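For reference, the structure is listed below as structure tokens.
Protein chains in written order, with our numbering: chain A, 100 to 463; chain B, 432 to 1047.
Structure (structure tokens):
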């Protein structure tokens, strides 16, 4: 019953899920089991790269959930992504222990450098994995709850919401650039050693993180799918298309929006937490407004309003970015800019829309 | 007050002389201390040459013969005669009167004295230098400082030629005629020897010589230098004679301040009270230091009280000026915000287009300024003035192209417009980066934009910021007039209020849209011209303004030009009044948080649009 509801007529979603599952099995196999001389061998660099794309896909999924289904455009989802990343980064920093440059078992290097004499209170507990993981979800969730409650209650929507989310992420960036914040200033947190006792540099750990990202993405997809196909999801679509009418029909629109926004922020936080150990650094650059807007583009390219489209978009744009920035670094911003313009002008439903139209054309 | 303001222009040269002035003050203290010293305790020439420039720290054993010391004091009393005889440029009447008696013998006197400098002992030299300092001859300060620095040379000729070796290089000049002298002649001269006590005495003599210089600017800077040091009774007496003859009001003001500052240490409480009363009006830092010392150390409670009260009154005036300064900084920051946001107030406020490429239009304006400057390198002022219409046209054309090419297909879909214009902003940035370079371009400022208007010692307003404030207001008023008084403005407002009705009445809405967008973009370009004078011109400069501009428009209320004005000035003030307490970055964060919270309370900004249009 539930499976029928989740997957009925979601052929695109099923395809993407099958591909993801296949990837989850094939990539570790190609990296660990196949010998390096085999043509099918996948180097650890590629594992980390695809793992990074998976976390981007999770972020795109989070954005698509609120933009595609509730019509809330957040230009500040990088804030939640970054906060989740910082929570994970703090755990990883605490795991360094006395192996830092200054060899202080209690304080991270940058705190010794800034002559802190004790750990600030907001760093307490981050040596425990479960606590850090709770914070990965709770901190973005709480910020989204407060911010969303304020915004939706006073019916700030559309463009205004987009602009103030951008202000939010910009303010966070400025704040995290300050050394006084106690998060390492503009260097951020880096030089990680261990995660749960495994070395972050080790090939096996990288593959493990890759599998974790893939599994989390699949679970998040299913959970999001569950939400949008539920009664709750139908109200969301109703309020997206006619907010006033939904409100007059007796629904507390702001509550629906708020909980979805919080859920989406938590997904973004998890994405950030998975991203950090795979790239090995978190710094305030993650809060740059450009990063957040770029993430919105992934969704727009893939196809807003279809959850699997966001995943496709994240992979397409980031794949193109990786290729462009190595092959034609000059041209990347031209291509990205052109993509923004062309997609909004000619592909309002994204790449997914092309296939939909084709299928419809065949049916007629 | 204005006189002090003008005097403070000399703060720059004064700072350069800072080292010299401390030395001079110590030398005066030394001279005073040396007066009662027993005669002939040690011959001056055998004084060990210490490297320190501040021998006054220990009770100096220099035993200058009594008569010469008294010469210092005596010469000051006789000053009028000598000074006026040579003060050819100083045409005040009192001078002319005394000139009649002494002019004839005095004029050659200086040159004779200069020629006497190489002769005799150090003490003879000091006596000659003292007479020279008292002469008021404009050449004397240079000669004495050259002597102190060991750059004064004498040739072996029968009446020796006195030469000044330039501080840098091998050249030099004749001390008497002032003519340049070739390096070969300079190298033929021998250095006129000085030792440390003489050197210190010379430094203060230079100050004295400069106080009596014919140029009021020089007199003022010499007085400012004297202010830092301790002033002994001889110098004080000399200052009294200057007070009687000073013609320039602002030098007079300074002279009285210096004298009062010295009299803070006078013997009778009455004199000290009078000095405090004079000092009340001054804003100079040294006056505050002096008064603080009086408050802390004066023996008489009345004087202490008066000084404390004077300090309070100075302090409250300083605070007033500090507040004025903050107000000005706030207005200046607000004018930058206004310039950046005003174009957006048209495109976003009136047309409802979220133009994320707005910052890049500002950048285009700034690059136009740079481009015109490189085209006509010689004429800075005219290139800036020419850049204003040019930037308007260039940015306006880019704006019209954007509107016709992309935005016109996206009306009614604000979020899509946002993404598309963001894409355009990336393309424009990269285009500039590829065309010119990723590095910042140097944009020069004309002279009238640099420097600052110094109102008084604690309040200085930068000219560039004043001009930009005026410019921002001019642009704002011009835009207001265009919107309210021209037919284009009427059509723009008509289309914004009711597009189908406007079209039904024969307004070509597409054409109006393009022109409106072009107008907003062109104003962004003009803002770029102004901002190129304040910040770096580079491919990323637009991004610095885009978030701020949106904040201003949203804060002020969309679709309301006055709202933008009030919003910009309000946010500018808020930032600048927070900055002294929190630092620049935190102030910015606090302002952003304030706006986020403000939008919750008033989602439509300070001055919301009224009527049905607001519901759209």
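Even for Gly, the Cβ is constructed at its ideal location relative to N, Cα and C. All values reported here derive from a predicted model rather than from experimental measurement.
Compare the Cα-Cα distances from residue i to each of the options and report the closest residue.
i	options	result
residue 173/A	455/A, 375/A and 367/A	367/A
residue 811/B	826/B, 846/B and 874/B	874/B
residue 618/B	706/B, 601/B, 540/B and 922/B	601/B
residue 308/A	330/A, 123/A and 277/A	123/A
residue 766/B	717/B, 896/B and 551/B	896/B
residue 953/B	926/B, 635/B and 793/B	793/B
residue 396/A	708/B, 641/B, 852/B and 731/B	852/B
residue 570/B	557/B, 828/B, 607/B and 590/B	607/B
residue 365/A	125/A, 186/A and 313/A	186/A
residue 596/B	590/B, 589/B, 900/B and 614/B	614/B
residue 670/B	657/B, 681/B and 929/B	657/B
residue 361/A	404/A, 171/A and 392/A	171/A
residue 557/B	592/B, 620/B and 635/B	635/B
residue 392/A	854/B, 721/B, 751/B and 991/B	854/B
residue 859/B	900/B, 796/B, 821/B and 906/B	796/B
residue 611/B	594/B, 620/B and 624/B	594/B
On the DSSP bridge list, what partners appear for residue i?
i	result
residue 294/A	297/A
residue 885/B	891/B
residue 336/A	DSSP, once it has assigned bridges, lists no residue as partnering residue 336/A.
residue 583/B	595/B
residue 605/B	594/B
residue 288/A	381/A
residue 611/B	604/B
Can you look up residue i in the DSSP assignment and give me helix, strand or coil?
i	result
residue 807/B	coil
residue 326/A	helix
residue 254/A	coil
residue 965/B	coil
residue 622/B	strand
residue 1039/B	coil
residue 710/B	helix
residue 872/B	strand
residue 991/B	coil
residue 694/B	helix
residue 201/A	coil
residue 223/A	coil
residue 176/A	helix
residue 783/B	coil
residue 979/B	helix
residue 812/B	helix
residue 986/B	helix
residue 140/A	coil
residue 215/A	coil
residue 921/B	helix
residue 391/A	helix
query: Residues in the region 757-787 of chain B with C-beta within 7 Å of chain A's C-beta atoms, listed in sequence order?
result: 785
- prompt: Quick one, which residues of the region 154-184 of chain A are near chain B if we go by CB-CB under 7 Å, in chain order?
  reply: 172
- request: Return the residues of the region 979-996 of chain B that lie within a Cβ-Cβ distance of less than 7 Å from chain A, sorted by chain order.
  value: 981, 982 and 985
- prompt: Which residues, taken in chain order from the region 1019-1035 of chain B, show a beta carbon closer than 8 Å to some beta carbon of chain A?
  reply: 1019, 1020, 1023, 1024, 1026, 1027, 1028, 1030, 1031, 1032 and 1034
- prompt: Any contact of the region 863-878 of chain B with the region 953-973 of chain B, i.e. 3+ C-beta pairs under 8 Å?
  reply: yes
query: Pairing CB atoms from the region 254-271 of chain A with CB atoms from the region 381-394 of chain A, are three or more of them under 8 Å?
result: yes
- prompt: Is the region 245-264 of chain A touching the region 346-359 of chain A, taking contact as three or more C-beta pairs under 8 Å?
  reply: yes
message: Short of 9 Å Cβ to Cβ, which residues in the region 843-857 of chain B face chain A?
response: 844, 845, 846, 847, 848, 849, 850, 851, 852, 853, 854, 855, 856 and 857
- prompt: For the region 940-967 of chain B, which residues have a beta carbon sitting closer than 8 Å to at least one beta carbon of chain A?
  reply: none
Three CB pairs or more closer than 8 Å across the region 760-778 of chain B and the region 995-1013 of chain B: yes
- prompt: Does the region 829-848 of chain B come within contact of the region 443-452 of chain A, defined as at least 3 CB pairs closer than 8 Å?
  reply: yes
query: In the region 829-840 of chain B, which residues sit with their C-beta less than 9 Å from some C-beta in chain A, listed in chain order?
result: 836, 837 and 840
message: For the structure I just gave you, are there three or more beta carbon pairs, one from the region 823-839 of chain B and one from the region 937-951 of chain B, closer than 8 Å?
response: yes
- prompt: Is it true that the region 202-221 of chain A meets the region 282-289 of chain A, where meeting means three or more beta-carbon pairs spaced less than 8 Å apart?
  reply: yes
- prompt: Using a Cβ cut-off of 8 Å, which residues of the region 251-278 of chain A contact any Cβ in chain B, in chain order?
  reply: 252, 253, 254, 255, 257, 258, 259, 261, 262, 263, 265, 266, 267, 269, 270, 273, 274, 276 and 277
Three or more C-beta pairs below 8 Å linking the region 418-425 of chain A and the region 368-381 of chain A: no
- prompt: Does the region 708-715 of chain B come close enough to the region 735-748 of chain B to have 3 or more Cβ pairs within less than 8 Å?
  reply: yes
query: Touching or not, the region 570-584 of chain B and the region 620-638 of chain B, by the rule of three or more beta carbon pairs under 8 Å?
result: yes
query: What residues in the region 859-873 of chain B bring their beta carbon closer than 7 Å to a beta carbon of chain A?
result: 860, 861 and 865
message: By the 9 Å beta-carbon criterion, what residues does the region 628-651 of chain B contribute toward chain A?
response: none
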